[in-house]
Structure formats: structure tokens, C-alpha cells
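Worksheet for the structure shown next.
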Amino acid sequence: MAAAITINQIAQHVGEEITLRGWVYDKTETKKVFFVMFRDGTGLVQGVGFKPDLSEALIAQLTALTQESAVIVTGVVQENPKAEKSVPQGYELAITAVEVLQIASDYPITPKEHGTDFLMDNRHLWLRSKRQWAIMRIRATIVHTLRNWLDDQGFLLVDTPIITPTAGENTTNLFEIDYFGEPAYLAQTGQLYNEANMMAFGKVYCFGPTFRAEKSKTRRHLMEFWMLEPEIAHCSLEELMTLEEQMIAHVVSVVLEKHQAELAILERDLSRLEAIKAPFARISYDEAVERIQAAYAAETDPERKEFLKIEWGEDFGGAHETAIAEMFDRPVFVYHYPTAVKAFYMQPVEGRPEVCRSVDLLAPEGYGEVTGGSERIFDEALMDVRVKNFGIDPEAYSWYLDLRRFGSVPHAGFGLGLERTVAWICGLDHLREAIPYARILNRKYP
RNA sequence: UCCACAGUAGCUCAAUGGCAGAGCAAUCGGCUGUUAACCGAUGGGUUGUAGGUUCGAGUCCUACCUGUGGAGCCA
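In terms of this note's numbering, the first sequence is residues 4 to 449.
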């Protein structure tokens, strides 16, 4: 019995007879030759069966194989530069034996084109496709790299709860659940707990799913998405930006280093990723508004022009973010947003309380806001005023207000939307492909 | 919630108000180191639902359902 290996190890076994455990990805049969593409989760390799060399029994087995049938296949690894659809490229398997575990019939996803609705209904099967394979592997690397990088920088992972008694940011847009007769909510953010954890451990982060019951119906929104949220004691907004740009530039470089094959499958423009080097541009909200207004003045298409309209004080829409991002070849920080459009806990700018010490990072190519962060208010009296003005019940937040009473320090933090980061790095046109099972408006199946 | 578009074979789509079709997939046969292979044959339909106009509706009208794209909201 030949040694069982995985396809990603195949280059180390040229000339050897090996065994693969996987599935049939595709099959072409001619009078003389079988070409069976196998996948095993680690890669794709074409198996070749030259009929005159095969036993009748093996020919019968290969004839019966269908797309997505489960097989254990044995063969001799050969180099073949023409095997360019394989991953890794350049290898194929001369089939010597096949053990069939299950014959699949009428697999719904064919090599031809399909519509979004059909693919989303078959997401559990769609994940087997080459493109989804590439995305999920890059997503895993992004998660791994982000966490490792923070760990190496002295951050401590401290998990925050998913079931929470009160709203994190916005009082609407919460998923309410029945907590033994009491209302509770799925977390929109771990940030408030993060601040408590930061006071305990200095530099912390949480990473987990967050939930927004927004009736958003765009390519940039999910009801359930994963967020990485670092929170740092004694950190200024400028230091926060430096941390973010180093972290993100590092993640992009690791993906470029480890996932050339996956990026090729996704047909990603590598030059756009290779440009992602720290430092990133930093512009104020004031400057951003001026730049958008200039773009508005220059825009000739009346439809596009309408979306670019903006007055100082308004938050950015998708078109505004894209217009700003298009002016740079790498992500751009926009800082000091109007206090009125941001959350209650953001520190006002000294001498200019109408803007706050907040910063969003806009990804290139129209991928929008990938991080949002700020310095937090640490003065107890100011926090009390803000809580009152935002109509927040101080009783429900008394544990949070305690943080300003017991050893309050200046601090800052941000949240990074994982799916937006994945979509940007992979060059996806919709967030639904950036997460295994997307929860989007009116869709929770499968 | 609002705006726009769409719903016809397993999938992707055609069909001036007048016989409901093609490609792919499936099945069968042929052919070729193929890789979205190619060639031939076969099977496959309550045209999203309900109602209306009409001699006649996939097509026009009304309502609803579902989906897609976008707005607002946000990461």
C-alpha cells in the first residue's frame, strides 16, 4: 500500500507511488485516456489513466466516477508542465488503483456559470469550488496572521461576551434574544468590555462574531461578521494609526508570500497588493470633505455627482469613501470626524469639540471602511455628560462608568472588520464570499 | 423602509400578444494528452403565486411572494 499524502505535499514525491484521499473535481474521458481532477482540500491534481495500461476493473471504476464522488486513489507522481490547472502546478498522477467510497450523482454545481441565488442556496457545496477554496484559505491566513502579530506585540487575547445586557453602540440594529424571560442582545462590538479588559491587562484584543440587525442590502454588509478589536492603554490616535498601518501592511505581505496560487485563482491584481506598505496617508475629515467637494465639482455624470454631494458634518456614504480611496494607492486614514456622527465614548479634540479623536481606515479600490477607531473619553465628568446627552441609561452602564472612576487612563482602540479585509485582499466584489456562511438580509440558509 | 431590475427545463438564458426554444448538465454513441474539450442522438416544462384584459397571455394590467443591485445605516 502506497503512503497516503495530501496534494500540497506532492512535489516531494515525484516518481513515487502515493495514495490520495479526496473527491473527484472534474473528469474528461477519451477513447484512450481518463483525465480525472482530484481535490483533497489541500490542492488539486489531475490523475491520468492511459487505458491500454489499465486493467478492465480499473477502467470500469474510472468510468463510473462522477463529479464529487469520494475516492481513495493511488498512482505515481509525475512532473508535467502542462498540468497548469493543478495546485500546485506542474504535477499529475498516473493512476494505478482507485477505491470508491461513494458515487455522487447529479451534483448541482457544474463547471459552467451559475447565478448568485443558486450558489448561495448551495453554499455548503459551493465551498468545494476552487475559487471558494482560495478565499477560505486566505481568510484563515489573515486571521492567523492578525492574531500572531498582536500576540507578538504584547497584546493579550481576552474574549468578550456575545450575549450582552445592553447595546454597545447603536441602540437600534440589535438582535434581541429571550434570556430566560429577560431581553438580551447579541453583541454589536466587544469594545466596552475590551475597555474593562484593557484596564486589567494593558494591551488587549478580542476577536469574534458580532451582530447587526441592520436592514442593509449592499455588498458591504453582513448581519453577522467577525471583528478584531484591539484596545490599548496610554495610546494616542497617532500611535493607533501607526499600529494599524503596520499590522495591515504585515498581513498583506504575508498573504502575498504564502498565497500566490490562491491569488492567481482569484485573478487578483498583485500590483495593487504589493503597493500596500506603511506608512499610509493620513488626512483629516475637513480635508476629506474638501477633496470630495472638489471631486463633486469636477464630476460630469449627473447620477454619480448626486452621490458625491456632501456638506461638512455629514458622515460618508459608499461613494464618498470610494472617491477618497481612489486618490491613494494604499489605504488612507481619515481622522477627526464630527462628534455628532460618532459614538458617545469618543474623545473630543481639544479646543474643537465639534470633532473627535476618531479615525477610519479606508481600503483602496472601493472596499470601504476596514477599521474604525478612536481615543476614548477617560475623564469621568465628561463621560457622565456624554452618557446623559446620548440618552443612555447610566444604571445599565454603571459597570462601564466604573472604569472612569477607578484608575482611568487615556486609551484608544479600533475594530477591524474581517470580511471587508478578506474581500479587499482577495479582490471580491461582495462580502458574502468572504465568510463561509454569510448572513445577509433575508438569507440565513444554509 | 425606499428606488431600480429580474423570476421560463437541474443550471445559464432566448421566444413582435399567435406551435415554449438553445447552450450546458444528465443518459447513450463517436472522436481526441484532455483541462469551461469536441461531434451526434435521447429524455427533460402547471413560464414565481392569485386575479384581470383579450378570440388568444411567457409577453399587457393589478396585487402579492422571492431574488438581485443600490440608498439609508455601518465594519
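Glycine is no exception: its CB is placed at the ideal position from the N, C-alpha and C atoms.
Residue i - partner residues in DSSP beta bridges
i	result
S210	Note that residue 210 is Phe in the sequence shown, not Ser. Per DSSP, L231.
F178	None; F178 has no bridge partner.
F37	E32, G52
V337	I286, D363
E102	I75
V352	R355
P186	D181
I295	Answer is none; I295 lacks a bridge partner.
A97	V51, V79
I166	L189
R42	W26, L47
A236	H414
V344	Looking at the DSSP assignment, V344 forms no beta bridge with any residue, so it has no partner.
V90	L47
Under 8 Å between C-beta atoms of residue i and residue j
i	j	result
G46	N11	yes
V255	I141	no
V207	L421	no
Q70	V103	no
R24	I106	no
V373	W315	no
T77	E32	no
P367	F331	yes
M250	W152	yes
P413	E383	no
I313	I286	no
P187	T167	The question names Pro, but residue 187 is Ala in the sequence shown. Yes, they are a contact pair.
L177	Q191	yes
L434	H224	yes
A14	Y94	yes
C429	R222	no
Unbroken alpha helix (DSSP H) run spanning residue i, endpoints
i	result
L128	126-129
M386	383-392
G321	321-328
H253	240-261
T148	133-155
F310	305-311
Q64	59-67
S274	273-277
Cβ shell of residue i (< 7 Å), same chain only, five flanking positions each side left out
i	result
M386	I380, L404, R407
N125	P111, I112
V352	H339, V358, C359, R360
V466	Residue coverage of the chain in this structure runs from 4 to 449, which leaves residue 466 outside it and unanswerable.
A73	W26, L104, Q105
C238	H414, A415
V101	L61, Q64, L65, V74, V76
Residue range of the beta strand (DSSP E) that includes residue i
i	result
G50	47-53
R379	371-379
H8	The sequence as given places Ile at residue 8; His does not occur at that position. Note, I8: beta strand (DSSP E), 6-8.
For residue i, three-class secondary structure by DSSP
i	result
L444	coil
E198	helix
F417	strand
E19	coil
S219	coil
R408	coil
R24	strand
L122	helix
V161	coil
Q70	coil
I268	helix
I112	coil
F331	coil
W315	coil
Y403	helix
E422	helix
Close-in-space but distant-in-sequence residues of the same chain around residue i (CB under 6 Å, 5 per side omitted)
i	result
P212	E227, W229
D363	V337, E372, G375
I438	E422
G52	F37, L65, I98
A284	F331, V335
Spatial neighbours of residue i in its chain, beta-carbon cut-off 8 Å, leaving aside the 5 residues before and after
i	result
T148	H253, V254, V257, V258
F41	I10, L23, G25, W26, V27, Y28, L47, V48, Q49, G50, V74, V76, L96
P397	D387, V390, K391, L404
R307	A322
S108	T69
K54	K34, K35, V36, F37, I62
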